[in-house]
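Student:
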Amino acid sequence: MCFDTLVFEYPGLRRIDGSGGDGGVDAYVGEFSSPDIIFQFKHFKKGFGAPQKKEIERSFNTASGSYDLPHWILVCSEDPTPAMQNWLDEFKTKRNGTKIEYILGSEMRAKVINHPKVRKQYFPNIQDALESLSSEPPHNPLAAAARDVRVYNDVLLDDRFTATVTTDGETETVVYSLKPWVKEPVPAVKLRIKTPQGAQAVEGLIKEGHSFELGTDDIGLTSLIDPSLHDADIVSIKAFSLPQTHPAALSIFAGDDPAKSYPLHIELKTVREGSEVLVRSNAGQNTAPIAITMTFRKAAPLKNCTVSITPRFMGKTVRQAARGARFLRRLDETKTLGIAEENSDLEDASFMALGDFSDDLPWRYFGDLFDAIDATCRLFCINPTVTEEIDNPDFVASMLEFGRKVMRVGTEIEGSVSFELSEENADLEEKAAAHEQICVVVDQVWNGMVFGEACSADVRIAAKGLLEQVDSDQGNLFKIVGSYYYYIQAASN
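All the letters of the sequence shown, read from the start, carry residue numbers 1145 to 1637 under my numbering.
1) What is the residue span of the alpha helix (DSSP H) that Met1543 lies within?
2) Does Phe1440 have its Cβ less than 8 Å from a Cβ in chain C?
3) Spatial neighbours of Val1330 within its chain, please: CB distance less than 6 Å, with the 5 preceding and 5 following residues excluded, ordered by chain position.
4) Is the beta carbon of Ile1363 sitting closer than 8 Å to the one on Lys1327?
5) Check each candidate in Cys1449, Thr1480, Asn1430 and Ala1288 and name the one with the smallest Cα separation from Thr1437.
6) Does the distance from the C-beta atom of Lys1460 to that of Val1530 stay below 8 Å?
7) Which runs of the beta strand (DSSP E) fall wholly inside the region 1401-1437 and span at least 3 residues, in chain order?
8) Where do the ends of the beta strand (DSSP E) carrying Phe1595 lie?
9) Which residues in the same chain have their Cβ closer than 7 Å to the Cβ of Arg1202, if we skip the five residues on either side of it in sequence?
10) Helix, strand or coil for Tyr1628? Go by DSSP, reduced to three states.
11) With H, G and I counted as helix, E and B as strand and the rest as coil, what does DSSP make of Asp1223?
12) Distance check for Pro1433 and Arg1467, CA to CA, integer angstroms please.
13) I'd like to confirm the pairing. Which residues does DSSP put opposite Trp1507 in its beta bridges?
14) DSSP three-state label for Met1496, please.
15) Residues in its own chain within less than 6 Å of Thr1310 by CB, not counting five upstream and five downstream?
16) Is the beta carbon of Thr1225 less than 8 Å from the beta carbon of Gly1167?
17) In angstroms, rounded to a whole number, what distance separates the CA positions of Glu1533 and Phe1539?
18) Measuring alpha carbon to alpha carbon, tell me which of Lys1198, Tyr1211 and Pro1155 ends up nearest Ser1178.
19) Counting only runs that start and end within the region 1279-1351, where is the beta strand (DSSP E) found for 3 or more residues in a row?
20) Quick test of your reading: Lys1323 and Thr1306, contact by CB under 8 Å. State the CB separation rounded to the nearest angstrom.
21) Considering Gln1184, what are the terminal residues of the beta strand (DSSP E) in which it resides?
22) Can you tell me the Cα-Cα spacing of Ser1405 and Gly1399, whole angstroms?
23) Can you find at least 3 beta carbon pairs, one from the region 1500-1520 and one from the region 1560-1571, that sit closer than 8 Å?
24) Could you check the C-alpha separation between Ile1605 and Ala1598 for me, to the nearest Å?
25) Quick one: residues in its chain with C-beta nearer than 7 Å to the C-beta of Ala1519, no 5 flanking neighbours on either side, listed in chain order?
26) Tell me, which residues are paired with Lys1591 by DSSP?
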């Protein structure tokens, strides 16, 4: 019984037939010629006394004389008296070089109680009585449910596991967890492949960590911990990898120009792993304006990884999104990605050239658009959250037009400015006919909504150049060809 109980706690435990003399070994772990642990089982019907002390010493000396003894465990059916416990403690301290443990009386009985299958083998009447509880009519539904789960754990389930059941009366969720004393991995299920689709799914899970969900026509399942579970009870089987995430905080750079690399902070974690493929991503980093996924073939050089980058502007502040958009625009220009530890300088980064780069990515467009939006928001001292309005063509056109004006405030611009008079002006028409050079100041008011923020600005255009009249049905449209300036300020409330 001691062996049948302890074998769960000590994987690889083996028994010795001591009928012809056990050589101080009743059971052992490791190689018999040089065991890692030696067990000595003792049954003292009359408790501990002087003869039992001599027997313990004799067993230990026999074992230590035959083996290099790193670890010796005495298992006994009786609890020691205080005097015997003192003797055992002193006995342990005198044996330098050997780790000595005792599993005595009550502790051993507690281990037996924790293993229903051992109880059923050696105390069948008690175990049968426990099992019969499941057929009694319940008086308290919750107590009955708890009792049924307890019986399930004690009678049906593998002794190395504990099942935790959650139910609303319609569906049940069962979580199996290893008991604390189990140190080695334990196979829980055995998959049976039935179709090529099932074989492909299992291969993808093993090699590349891909999840799958298939019906029992493609995959069969045998539970190694619950023999009552059959294919007929299973609707579908879903499997996925649970890799160690190994989070890493990094800085990434778009190119190697310190003035234009637009560094971003990202937090990479392992999201998928198989025997051949490792995938790391910052998909769970909500503050990052881009999602980056790096796929590594374990047998290939590190630099040959596949990099996938996706803009993720929605839900970010304008300044966060603008930083990401500028990073992508610069990455589109340089085709070079730098990676370094968090808060490192560009000179500490490792660089990789991005091949197979698509030429039709809208990253330059995003960079220009968010330059304009960011300039507009800074004018009004706001930093709103990007919403689905970013997909509205009218909003985009308005932001590009006004934002570009804001970015050019105070800068001399060569070109032409058009304006329309509300009524005819003969003097101005004469000047236009003569192509005279004039100076004009035009005042406008701009009103708009920027991601839910109402904004208004006073816009002044000061132009100097040759006056021309433009052919128009209204007849009052003019333009000045020369240079002009924008002056813009947020309107006071």
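For every residue, glycine included, the Cβ atom is placed at its ideal position computed from N, Cα and C.
Tutor: With the structure as the only source:
1) Pro1537 to Met1551
2) Annotation note: the requested chain C is absent from the structure, which comprises a single protein chain.
3) Arg1304
4) no
5) Cys1449
6) yes
7) 1408-1417 and 1421-1425
8) Here Phe1595 belongs to no beta strand (DSSP E), and DSSP marks it neither H nor E.
9) none
10) strand
11) coil
12) 8 Å
13) Per DSSP, none; premise fails for Trp1507.
14) strand
15) Thr1317
16) no
17) 7 Å
18) Tyr1211
19) 1305-1311, 1316-1322 and 1333-1337
20) 6 Å
21) Ser1178 to Lys1186
22) 5 Å
23) no
24) 23 Å
25) Gly1547, Val1550 and Met1551
26) The sequence given here has Asn at residue 1591, not Lys. Its beta-bridge partners are Ser1600.
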